Amino acid sequence: EADIYQTPRYLVIGTGKKITLECSQTMGHDKMYWYQQDPGMELHLIHYSYGVNSTEKGDLSSESTVSRIRTEHFPLTLESARPSHTSQYLCASSEYSADTQYFGPGTRLTVL
Amino acid sequence: GQQLNQSPQSMFIQEGEDVSMNCTSSSIFNTWLWYKQDPGEGPVLLIALYKAGELTSNGRLTAQFGITRKDSFLNISASIPSDVGIYFCAGQKYNNNDMRFGAGTRLTVKP
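These protein sequence lines map, in sequence, to chains A and B. Read left to right, the first sequence gives residues 8 to 119 (the working numbering). Read left to right, the second sequence gives residues 13 to 123 (the working numbering).
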């Protein structure tokens, strides 16, 4: 069973607020990922990281930013949330040399 | 990009029936993965396939890595109500951080 955690699980906020979605893993994985998923739809990669101080943008354009100061943490920040940001955000991690990604439970974000 | 076509989009079956779903692509992948996602949760890995032609089982689940490396299949035998959920295929090229996901197959099992 994967040890990857996301908080909060659910978040309802007003437009213009700054928010940070937390993701942490205790497996020592170098690679971490953020995906955006609308209900029942496919996952779209928005950010990933090879390791500490490494961050890259994914194939889906996103107004969010990420940081990787510690191996186990990969927080995602929205400086000014908008209704179009309403979605589920999934964090995942994998070993550097492996393809298998393990997912957290997700954060369901609603921006009013 | 490397589009993954997953079918069927949804399935409604009776408990005890077998299920088959597949994923195809115009591109070659080096790894195929199958995940299951319950409502409000993250995807959970079911089976990972790393070699063309590989056939792997996990309980009542069996998945195959297509010989052409452009497709993969997942079969569920003797379905039960807890099999309900969305099944996603995912493909990844060697040494590439861009994993592509199919749109999912939504499975409903009627008791």
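Quick reminder that beta carbons are idealized off the backbone N, C-alpha and C, glycines included. Predicted model, so just to flag it, every value in this text is computed and none were measured.
query                                                                                                                                                                           : result
Return the residues of the stretch 57-88 of chain B that lie within a Cβ-Cβ distance of less than 7 Å from chain A, sorted by chain order.                                      : LEU57 and ALA60
Based on the DSSP output, what are the partners of SER4 of chain A in its beta bridges?                                                                                         : An answer regarding residue 4 of chain A cannot be provided, because it is not within the stretch 8 to 119 covered by chain A.
Give the C-beta separation of ILE98 of chain B and GLY116 of chain B to the nearest angstrom, bearing in mind that I take them to be a contact with Cβ-Cβ under 8 Å.            : 4 Å
Let me know the secondary structure DSSP gives HIS80 of chain A once reduced to three states.                                                                                   : strand
Determine the closest residue to ASN34 of chain B out of B:GLN104, B:LEU86 and B:ASP110, with distance taken between C-alpha atoms.                                             : B:LEU86
Hey, is GLY54 of chain B's beta-carbon within less than 8 Å of any beta-carbon in chain A?                                                                                      : yes
Which residues in the same chain as PRO20 of chain B place their Cβ atom closer than 7 Å to its Cβ, once the five residues preceding and following it in sequence are excluded? : MET33 and THR117
Do ALA99 of chain A and GLY113 of chain A have their C-beta atoms closer together than 8 Å?                                                                                     : no
Within 10 angstroms of its Cβ, does ASP66 of chain A collect 16 or more other Cβ (buried), or is it exposed?                                                                    : exposed
Can you name the residues of chain A whose CB is closer than 7 Å to the CB of GLN104 of chain B?                                                                                : ASP106
Roughly how many angstroms lie between the CA atoms of GLU29 of chain A and ILE11 of chain A, to the nearest whole one?                                                         : 11 Å
So SER101 of chain A packs on HIS36 of chain A, CB below 8 Å; how close in whole Å?                                                                                             : 6 Å
Please look up how many angstroms separate the CB atoms of LEU52 of chain A and LEU116 of chain A, rounded, as I've assumed it's under 8 Å.                                     : Not really, about 17 Å apart at Cβ, beyond 8 Å.
What's the C-alpha gap between GLY114 of chain B and THR22 of chain A?                                                                                                          : 31 Å
Of all Cβ atoms in chain B, is any one closer than 8 Å to the Cβ of PHE81 of chain A?                                                                                           : no
What number of angstroms, rounded off, separates the C-alpha of GLY13 of chain B from the C-alpha of TYR106 of chain B?                                                         : Residue placement at GLY13 of chain B is flagged as unreliable, the pLDDT there being 49, under the threshold of 50; the coordinate-derived value follows with that caveat. Approximately 15 Å, taken between the alpha carbons.
Taking the C-alpha atoms as reference points, what is the distance between SER104 of chain A and TYR62 of chain B?                                                              : 13 Å
Mind checking which residues open and close the beta strand (DSSP E) that includes ARG118 of chain B?                                                                           : 117-122
For ALA75 of chain B, write down the residues that DSSP places opposite it in a beta bridge.                                                                                    : B:THR68 and B:LEU86
Just to confirm before moving on: does the CB-CB distance between SER56 of chain A and PHE81 of chain A stay below 8 Å?                                                         : yes
What's the C-alpha gap between THR84 of chain A and GLN26 of chain B?                                                                                                           : 44 Å
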